[in-house]
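J.:
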Ligand SMILES: NC(=O)c1ccc[n+]([C@@H]2O[C@H](COP(=O)([O-])OP(=O)(O)OC[C@H]3O[C@@H](n4cnc5c(N)ncnc54)[C@H](O)[C@@H]3O)[C@@H](O)[C@H]2O)c1
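In the numbering used here, the protein residues as written are 9 to 271.
Quick look at the structure:
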C-alpha cells in the first residue's frame, strides 16, 4: 500500500510508536489522519501539529470505537488503513499465579491487545469488503512471536493478537483486505520507562521514527510481519525449527535476568 491520499486511523497515537507513525504518515501525504487515544489532550495537540482529527477514546469501548469509525467514514468516505496500536505493559515478578498479576491485569491486557483489534475489524470490515480493499496494521510486539520473561499477561495477549491477525488475513484476504503485524523489540517510548528494556533491549533500542520508517516500507511491501529488529526473523525461525531447544534458550535468558522491581 502506498500511503499518499489514504485515510488512516491510529489508536494510541498520543505517544511513542503511535506518534511516530502519525508524523511519518503525514510526510507520506495521507489525505485524512485520525488520532485516537485515552489521552485526548495530547492526541488533540498532535492532531493540531500534523493536521489531523483527534478523539479521546478508550479502545476497550466497542460502541465508542464504532462511532469513531462511522464518523470517519462519513467525513472522509472510507478508511484505508486502521492501525490498532494502543497498548499497555504490565511487568510481573515471575510469580504470575500470585498477586503480581491479578485477574484485572490479565483482563485489561486482553481487552486492549485483542478485543480492541476485534472491535476495529468489526467496525471497518463491512465498508472494506464492499469496496474490495482495506488494510489493518496491528502493533503487536516481538513478545507476541517469542514471549518475554516477567510479563506473562503482555506476552500471552500479544500472541493472541497475532492469532487474530492471522484469522483476519486468512478469512478476508480474498475480500481484498490486507493485514500486517508490527513486531518490534525495544522502542524508546514511555512504555520502556527509561529502562534498558530487559530481554527486549538486548538487540538495541530503536526510536519511534526508525520504527515508523520500517512500517512505511512494510506497508509498501504488504508484508504480514513487519520486523524493525531484523534478528527477530531468525529467532522466530529457530523457535519453529526446534521448540524444545528454543524453550531451553529462553529459560537460560530468564535465569540471566533480574526480576523487575514492581511498584
Ligand atoms: N516500546 C516498546 O518497546 C514496544 C515494543 C514492542 C511493541 N510495543 C507496542 O507498541 C504499541 C505502542 O506502545 P508505545 O511503546 O508507543 O507505548 P506508549 O506508552 O508510549 O504509548 C501507548 C499509547 O496507548 C494509549 N493507550 C493505552 N491504553 C489505551 C486504551 N485503552 N485506549 C486508548 N488508548 C490507549 C496510551 O494513552 C498511549 O498514548 C503498544 O501496542 C505496545 O505493546 C512497544
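Cβ coordinates follow ideal geometry from the N, Cα and C atoms, glycine included.
1) Looking at C-alpha atoms only, which residue of 97, 19 and 29 is the closest neighbour of residue 201?
2) On the CB-based measure, 16 or more other CB atoms within 10 Å of its CB, does residue 225 come out buried or exposed?
3) For ligand 1, any of its heavy atoms closer than 7 Å to the Cβ of residue 5?
4) Would you mind listing the beta strand (DSSP E) stretches within the segment 91–159 that are 3+ residues and don't spill past its ends, in chain order?
5) Is any heavy atom of ligand 1 found at a distance shorter than 7 Å from the C-beta of residue 240?
6) Kindly indicate which three-state DSSP category residue 191 falls into: helix, strand or coil?
7) Less than 8 Å between the beta carbons of residue 262 and residue 192, yes or no?
8) Residue range of the alpha helix (DSSP H) that residue 25 falls in?
9) According to DSSP, simplified to helix, strand and coil, what is residue 213?
10) At a cut-off of 7 Å, would you count residue 164 as near ligand 2, judging by its Cβ distance to the nearest heavy atom?
11) Candidates 222, 227, 260 and 250: which alpha carbon is nearest residue 238's?
12) So, residue 16 versus residue 101, is the Cβ gap smaller than 8 Å?
13) Going residue by residue through the segment 162–190, where are the continuous alpha helix (DSSP H) segments of at least 4 residues, counting only ones entirely within it?
14) Identify which residue in 42, 231 and 253 has its Cα closest to the Cα of residue 84.
15) For the beta strand (DSSP E) that contains residue 260, what are its first and last residues?
16) Taking C-alpha atoms, which residue in 122, 22 and 132 lies nearest to residue 75?
17) Please report the distance separating the alpha-carbon of residue 173 from that of residue 270.
18) Should residue 111 go down as buried or exposed, given a rule of 16 or more other Cβ atoms within 10 Å for buried?
19) Are the beta-carbon atoms belonging to residue 179 and residue 99 less than 8 Å from one another?
20) Using the Cβ count rule (16 or more neighbours within 10 Å means buried), how would you classify residue 37?
21) Under a three-way DSSP split, which group does residue 45 fall into?
22) Restricting to Cα atoms, I'd like to know which of 168, 129 and 182 is closest to residue 114.
23) Would you mind working out which of 183, 109 and 151 sits nearest residue 138, comparing C-alpha positions?
24) Secondary structure at residue 220, three-state DSSP: helix, strand or coil?
25) Around the C-beta of residue 251, are 16 or more other C-beta atoms found within 10 angstroms, so that it is buried, or is it exposed?
T.: From the atom records:
1) Looking up residue 201 in the chain shown gives position 193. Among 97, 19 and 29, the Cα nearest to that of residue 201 belongs to 97.
2) Walking along the chain shown from the start, residue 225 turns up at place 217. That one is exposed.
3) The chain is shown only over 9 to 271; residue 5 falls outside these bounds and no answer can be derived.
4) Taken in chain order, the complete beta strand (DSSP E) segments of 3 or more residues contained in the segment 91–159 are 142–147.
5) Taking the chain shown and counting its residues from 1, one reaches residue 240 at position 232. For ligand 1, no non-hydrogen atom lies closer than 7 Å to the CB of residue 240.
6) Here residue 191 refers to the residue found at position 183 when the chain shown is read from its first residue. Collapsing the DSSP output to three states places residue 191 in coil.
7) The residue labelled residue 262 in the question sits at position 254 within the chain shown. The residue labelled residue 192 in the question sits at position 184 within the chain shown. Their beta carbons are not under 8 Å apart, which means residue 262 does not touch residue 192 by this criterion.
8) By one-based count along the chain shown, residue 25 stands at place 17. Note, residue 25: alpha helix (DSSP H), 24–35.
9) As a working note, residue 213 is residue 205 in the chain shown. Coil.
10) The model depicted lacks ligand 2 and carries ligand 1 instead.
11) Indexing the chain shown from 1 puts residue 238 at position 230. Among 222, 227, 260 and 250, the Cα nearest to that of residue 238 is on 222.
12) Indexing the chain shown from 1 puts residue 16 at position 8. Indexing the chain shown from 1 puts residue 101 at position 93. Not a contact, by the Cβ cut-off of 8 Å.
13) none
14) Counted from its first residue, the chain shown places residue 84 at position 76. Cα-wise, what sits closest to residue 84 is 42.
15) Here residue 260 refers to the residue found at position 252 of the chain shown. Not the beta strand (DSSP E): residue 260 falls in the alpha helix (DSSP H), residues 251–263.
16) Within the chain shown, residue 75 is the residue found at index 67, counting from 1. For residue 75, the nearest C-alpha among the options comes from 132.
17) By one-based count along the chain shown, residue 173 stands at place 165. By one-based count along the chain shown, residue 270 stands at place 262. About 31 Å.
18) Within the chain shown, numbered from 1, the residue matching residue 111 stands at position 103. Classification of residue 111: exposed, given that the 10 Å Cβ count is below 16.
19) As a position in the chain shown, residue 179 is number 171, starting the count at 1. As a position in the chain shown, residue 99 is number 91, starting the count at 1. No, these two residues do not count as a Cβ contact at 8 Å.
20) By one-based count along the chain shown, residue 37 stands at place 29. Under this definition residue 37 is an exposed residue.
21) By one-based count along the chain shown, residue 45 stands at place 37. In the structure shown, residue 45 sits in a strand (DSSP, three-state: E or B).
22) On the chain shown, position 106 is the one that residue 114 refers to. Answer by Cα proximity: 168.
23) Taking the first residue of the chain shown as position 1, residue 138 is located at position 130. Here the closest residue by C-alpha is 183.
24) Translated into positions along the chain shown, residue 220 becomes position 212. Helix.
25) By 1-based counting over the chain shown, the position of residue 251 is 243. Residue 251 is exposed by the Cβ-count criterion.
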